[in-house]
Structures are given as structure tokens and as C-alpha cells.
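For the sequence shown, this note's numbering assigns the number 105 to the initial residue and increments by one for each residue that follows.
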Amino acid sequence: MGERDIFRRASWVLIALLTLVAAGTGVASPAVYNGLVEEPYLPGAYSQDGMSVAAALALLVLALTRKASRPRLELIVLGLLGYLVYAYGIYTIERVYNWLYLVYMTIFAAALWAVVYETVALCRRTVQVSLPRGVRLLSASGALLQPVMFYPLWIAMLLPLMAARQKIESIYSVFILDLCLIMPAFLILAIAAMRGQKTGLLLLPAAYVLGFSLILSLAAAEPAKEVFGSRFDPVAFWLWLALSLFFLVLGSLHLRLLRVTTTVPARGPVMAGENQ
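Structural data, given as C-alpha cells:
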């Protein structure tokens, strides 16, 4: 294991441990959000923290796995890190100023730069990527679903606020993160994959891991509503659950059939399909 690999894994461990502290506190004591998160959004914060705990545990296991430097596992790590960027980007942007706020900022910053580093490093090491044409088109089309759904939805919600010059105090971070980061990423990767370009074929599974995690936390927020005295919405629950499973299936199919040829310094080329 090289020095760079040790550094990368150490950063994953650090991010995972900080997330376990922050998200674990939110799950064990939701009162940490009292006065900082409006009541209608407490179930969402609770389910997001639960999902963050699961993501942190998975990240910790992958960091300690000997095969974590193989492209398929790296793509899963990349997706989990992307989810944590989103989750703690919300708390950071929404100014959740409790005693954990500096931890939120640290997770957000560390995960963001880890995503940048992992993406650049993986793309540089990748010599060739292949995926069956049918799976490529199916995966790319599925990735387009995210921007097709959420661009019109969020813009339709923003236009009345803009017309009324109204400034909201909650959930505005979702508009920022989705419209400026998440949706463009899905759109760019989907188009690149559809055209058979290396970046899209390689990174789209990571986007699916991120999308699955985000949407699953929305589904989990519905049963969590009963914990906070709100009404469970079965239609919303099944809709979000179906969408999250859709991303899981497409991501798994893409990852399973993906073949990546990478170069490893001092060891020559490595076929990812052979040793992932």
C-alpha cells in the first residue's frame, strides 16, 4: 500500500468518524435541532442523519478493506462521499448553529475535497472504459431522470418566491445544491455516457450511489414523521422508495458490467474487471 493510498484511506476514516459523531448525535438526540430546524423538516433531518450513519459505516468498512483501491469500490466510495457533501452542505448552508456546527463544516469541506481528489485521481489512472451499448444507453437515460424531474419541480417552486421577492428561511440549500451541483452533474455524466465518453461511463455509478442515498433518506423521512407527531404519507413513501430502488438497480447493473483498464504506478496496467 503506497503513501498516497494510506493518505486517502485515512481521510475516509476521518470523514466517517466525524460523521458518526455528528449524525449519531442527531439520531440519538433530535433535540440538537430544536429552534434551528423548523418542525415540518425535523423528520427529514432525522432520516438524513440515519442515512449518514449508514454511509459512514460503509465508508469506514471500505477504508479498511484491502481491495478498496479497485475502481468499482472506489466508485462506491466516491458516491458515499458525494452524499455526505450534500447532507452536510445542507446543515452548513442552512446555518444549523448548534455545538456540532464546526463538525458539519469540517465534514462538508473534507468530503468535498475528497470527491475532487478521488475523481481526478481515478480519471487520470483510467486508460480505457467499456460497457455494453444497451446498458450504456439504459444507464444514461436513467440518469437523465433526476434532472428531468427536479429541474422543473424546483424552478416551479422558485418562480413564485422570485416574483414575490420572498426570502425563505429553510430548505433553500436544497435549491442551491440541486440546481447548481447535483442536477448538472447527472446531466453532464448522462450525456457523456450516452456518447460513450470515458468520464461518463466511469463516474455514472458513483452518481447512482449518491442518488440512491439521497432519495432513500427522503423515503425514510415519511415513517419518521410519526416519531415527530406528523402524518405518514404512503404515496410519497412508495414514490421515493421506488425511485431509490430504480437508482440502485441501474447503478448495480452499470457497475457489474463496467470494465475499466487502469494504470498503477510501478506495477503496470491492471484490468479492473479482473481484480475488482
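We put the beta carbon where it would ideally sit given N, CA and C, even for glycine. These numbers were taken from a predicted model, which means no experiment stands behind them.
Endpoints, beta strand (DSSP E) assigned at residue i
i, result
"Gln232", "Thr230 to Ser234"
Status (buried if at least 16 other CB within 10 Å, exposed otherwise) for residue i
i, result
"Ser133", "exposed"
"Met266", "exposed"
"Leu182", "buried"
"Glu378", "In this prediction, Glu378 scores a pLDDT of 40, lower than 50, which makes its location untrustworthy; no coordinate-derived value is stated."
"Ala268", "exposed"
"Tyr150", "buried"
"Pro175", "buried"
"Glu107", "exposed"
"Thr169", "exposed"
"Glu198", "buried"
"Thr196", "buried"
"Asp282", "buried"
"Gly89", "It is not possible to answer for residue 89, since the shown part of the chain is limited to 105 through 380."
"Val224", "exposed"
"Thr366", "buried"
"Arg360", "exposed"
"Gly139", "exposed"
"Ile319", "buried"
"Leu166", "buried"
"Ser348", "buried"
"Leu263", "exposed"
"Ser243", "buried"
"Gly355", "buried"
"Val353", "exposed"
Extent of the continuous alpha helix (DSSP H) run through residue i
i, result
"Glu107", "Glu107 to Ala132"
"Val136", "Note, Val136: premise wrong, no alpha helix (DSSP H); not H, not E."
"Arg360", "Pro338 to Leu361"
"Ile280", "Tyr276 to Leu281"
Rounded straight-line distance, which links the Cα of residue j to that of residue i
i, j, result
"Lys302", "Ser115", "26 Å"
"Glu326", "Pro147", "7 Å"
"Pro251", "Leu291", "7 Å"
"Ala127", "Ala135", "13 Å"
"Val131", "Leu322", "15 Å"
"Leu314", "Lys271", "29 Å"
"Ala294", "Tyr205", "35 Å"
"Ile280", "Arg112", "28 Å"
"Leu235", "Thr129", "42 Å"
"Glu222", "Leu177", "12 Å"
"Arg363", "Ala247", "19 Å"
"Ser277", "Phe254", "14 Å"
"Gln152", "Thr123", "12 Å"
"Leu121", "Phe316", "22 Å"
"Ala346", "Ala324", "12 Å"
"Pro144", "Val233", "45 Å"
"Arg240", "His358", "7 Å"
"Ile194", "Val200", "9 Å"
"Leu118", "Lys329", "31 Å"
"Arg371", "Asp109", "Bear in mind that the predicted position of Arg371 carries a pLDDT of just 44, short of 50, making it too unreliable to give a figure here."
"Phe332", "Gly154", "15 Å"
"Leu179", "Pro309", "7 Å"
"Asn202", "Trp344", "30 Å"
"Arg335", "Val125", "29 Å"
"Gly300", "Val141", "43 Å"
"Leu164", "Tyr192", "18 Å"
"Leu306", "Val219", "14 Å"
"Lys171", "Ala311", "21 Å"
"Met298", "Tyr137", "42 Å"
"Ser245", "Met287", "14 Å"
"Ala214", "Gly238", "37 Å"
Near the ligand MN: residue i beta-carbon under 7 Å from a heavy atom
i, result
"Val207", "For the structure depicted, the ligand MN is absent and the ligand set is empty, with no information on it obtainable."
Below 8 Å, can you find three or more Cβ-Cβ pairs linking the segment 181-188 to the segment 156-163? yes
Exercise. Count the CB pairs spanning the segment 257-268 and the segment 335-352 that are closer than 8 Å, and state whether there are at least three.
Key: no
(request) For the segment 159-245, list the beta strand (DSSP E) runs that are entirely contained and at least 3 residues long, ordered along the chain. (result) 230-234
- Report the residue ranges of all alpha helix (DSSP H) runs contained in full by the segment 294-319; include only those spanning at least 4 residues, in chain order. none
| field | Three or more C-beta pairs below 8 Å linking the segment 225-237 and the segment 206-213 | value | no
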